[in-house]
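S.K.: Below are the structure tokens for one structure; questions will follow.
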Amino acid sequence: MARSGKPRGKAAKLHRGFSWLAVLGVILVLAGLVGLVYTGLATLTSMLLFGWLLLIGGVVGLLHAVQARGTSFFWLGVIVAALNIAAGVVVIRLPHATAAALTMFAALLFLAAGLFRLVGSLVVRGPQFAWTLLLGVFDLLLGILVLAHWPSSSQYVIGCFFSLALLFDGLGLLATGYGGRRVVGMVSDQGHSERVQPE
14 MARSGKPRGK
24 AAKLHRGFSW
34 LAVLGVILVL
44 AGLVGLVYTG
54 LATLTSMLLF
64 GWLLLIGGVV
74 GLLHAVQARG
84 TSFFWLGVIV
94 AALNIAAGVV
104 VIRLPHATAA
114 ALTMFAALLF
124 LAAGLFRLVG
134 SLVVRGPQFA
144 WTLLLGVFDL
154 LLGILVLAHW
164 PSSSQYVIGC
174 FFSLALLFDG
184 LGLLATGYGG
194 RRVVGMVSDQ
204 GHSERVQPE
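Going by this note's numbering, the sequence shown opens with residue 14, and the numbers climb by one from there.
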């Protein structure tokens, strides 16, 4: 008897869920590729998105703080919410200046991480010595490269990082969705074949 290739019941729900994961992965991969081509637009988009997230988070935090008035955390909640709102307004109004500041911060982080890994690998000399040393050199070179072209590098660095994050997240979701669909299909087919076998 021919086996049915269509999963049923709970397997069908899992199959659809993994299919949606794969679709979301494809969308993120496409967005990441577009962002890598148009890094300036990706930088501006990521800054505006970051600003709006700060602004919305600040407003929500302020509402929560007002609801919790009378508690010991009221003023702390108000201060944190006000800082988020102020930062969101600044980022939205000055996205290019914010990108320049974040690019400088990222370059300094790369330099600090590179120095830390280099010194740590030379002092400890553990089993991952070569790998840690290579990562330290890479971080140092990346930090120096970004700083050497700053502030013009701020037009593409944040957008490039943002697009790469979208690309790799999309590839991960795509692999999870595709692999999950295959596993669900194999388990469903195996269970169906066991049910139709004569006793």
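Ideal Cβ placement from N, Cα and C applies to all residues, glycine included.
1) As an exercise, report each continuous alpha helix (DSSP H) stretch of at least 4 residues that is fully enclosed by the stretch 25 to 84, in chain order.
2) Considering only the alpha carbon of each residue, which of Arg29, Leu96 and Val42 lies closest to Leu187?
3) In the DSSP assignment, find the unbroken alpha helix (DSSP H) run with Phe129 in it and report its ends.
4) Could you tell me whether the Cβ atoms of Thr56 and Ala112 are closer together than 8 Å?
5) If we count the other Cβ atoms within 10 Å of its Cβ and call it buried at 16 or more, is Ala143 buried or exposed?
6) For Gly74, count neighbouring Cβ atoms within 10 angstroms of its own Cβ and tell me buried if that reaches 16, exposed if not.
7) Quick check: the Cα distance between Gly127 and Thr145, rounded to an integer number of angstroms?
8) Is Tyr191 helix, strand or coil by DSSP?
9) Taking Trp144 as part of the alpha helix (DSSP H), name the residues at either end of that continuous run.
10) List the whole-angstrom C-beta distance separating Ile105 from Trp65, where the pair is believed to meet the contact cut-off of C-beta under 8 Å.
11) Please tell me whether Leu131 and Leu153 are closer than 8 Å, where the distance is taken between their beta carbons.
12) With 16 other CB atoms within 10 Å as the buried threshold, where does Leu180 fall?
13) Where does Phe87 sit, in a helix, a strand or coil, going by DSSP?
M.R.: The relevant details are as follows:
1) If only uninterrupted alpha helix (DSSP H) runs of at least 4 residues are considered, those enclosed by the stretch 25 to 84 are 52 to 80.
2) Nearest Cα to Leu187 within the set Arg29, Leu96 and Val42: Val42.
3) Pro108 to Val137
4) yes
5) exposed
6) buried
7) 9 Å
8) helix
9) Phe142 to Ala161
10) 7 Å
11) yes
12) buried
13) helix
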